[in-house]
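Engineer: Going from the sequence shown to my numbering is simple: count from 1 and add 988. No residue lacks a Cβ here, since even glycine has one placed at the ideal position from N, Cα and C.
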Amino acid sequence: LANLILLGIYGYDVILGMDWLAKYHATIDCKHKILTMVSSEGESIVYNGNPSSSAIPIISAAKVCKLIKKRCAAYLCAIEEDDDPKLEIEKIPVVRECPEVFQEVPGLPPDRELEFTIELQPGTNPISKAPYCMAPTELEGLRTAQSRQKSYAYLRRRPLTFDVGEHVFLKVSPLKGK
């Protein structure tokens, strides 16, 4: 007894789980679309799949665009068959031009158990000052601009004194004007 859930997936007859297939000792011949199982009574059950007219369901680019606009999940996959599994170094154009520079690598480099560290002398600390990445002329211009701005700030902070004697001045604001 198994729960069979119908899925609206074009190109598939049925999807069976690995546990269910193992329970009934299933063997699958994908090329001929044949599923052979052994029932609980020991009988051999053979299921022949329907031969499909097209091995790959084809969808148009316009249909793909419509589905993507409807926020359907889309995956772009490009599969290329490699006729020659071993890449020959002579097939690479740059290597053909300069063969003396590129030598054949016999394999991966060996694993090395090295730790790369910088050891400090006792009683010293690493330098924690960040490097100043400006050209000397830029740095000098920045310093003169800073000192000029500081001098203007000093002028603004000085108290202003009026030597007018015993006269009193009244400031009238036209905005508050009552």
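When the Cα atoms are used, what is the spatial distance from R1100 to Y1063?
Structural biologist: Distance between the alpha carbons of R1100 and Y1063 is about 40 Å.
Engineer: In the DSSP assignment, find the beta strand (DSSP E) that holds V1026 and state where it starts and stops.
Structural biologist: 1022 to 1026 is the extent of the beta strand (DSSP E) around V1026.
Engineer: If you draw a straight line from the C-alpha of T1015 to the C-alpha of M1025, how long is it?
Structural biologist: Cα to Cα, the separation comes out at about 7 Å.
Engineer: Can you tell me whether L1055 is buried or exposed, with buried defined as 16 or more other CB within 10 angstroms of its CB?
Structural biologist: It is exposed - the Cβ of L1055 has fewer than 16 other Cβ atoms within 10 Å.
Engineer: In the DSSP assignment, find the unbroken alpha helix (DSSP H) run with I1056 in it and report its ends.
Structural biologist: Taken as a continuous stretch (DSSP letters only), the alpha helix (DSSP H) holding I1056 covers 1049 to 1057.
Engineer: Let me know the secondary structure DSSP gives S1032 once reduced to three states.
Structural biologist: Looking at S1032 - three-state DSSP - the assignment turns out to be strand.
Engineer: Just reading off the beta strand (DSSP E) that E1017 is part of, what are its end residues?
Structural biologist: It should be pointed out that residue 1017 corresponds to Asp in this sequence rather than to Glu. Unbroken beta strand (DSSP E) run through D1017: 1015 to 1017.
Engineer: Label L1023 either buried or exposed according to how many other C-beta atoms from any shown protein chain fall within 10 Å of its C-beta, with 16 as the threshold for buried.
Structural biologist: Buried is the call here.
Engineer: To the nearest angstrom, report how far apart P1094 and M1006 are at their CA atoms.
Structural biologist: Rounded to the nearest angstrom, the two C-alpha atoms are 41 Å apart.
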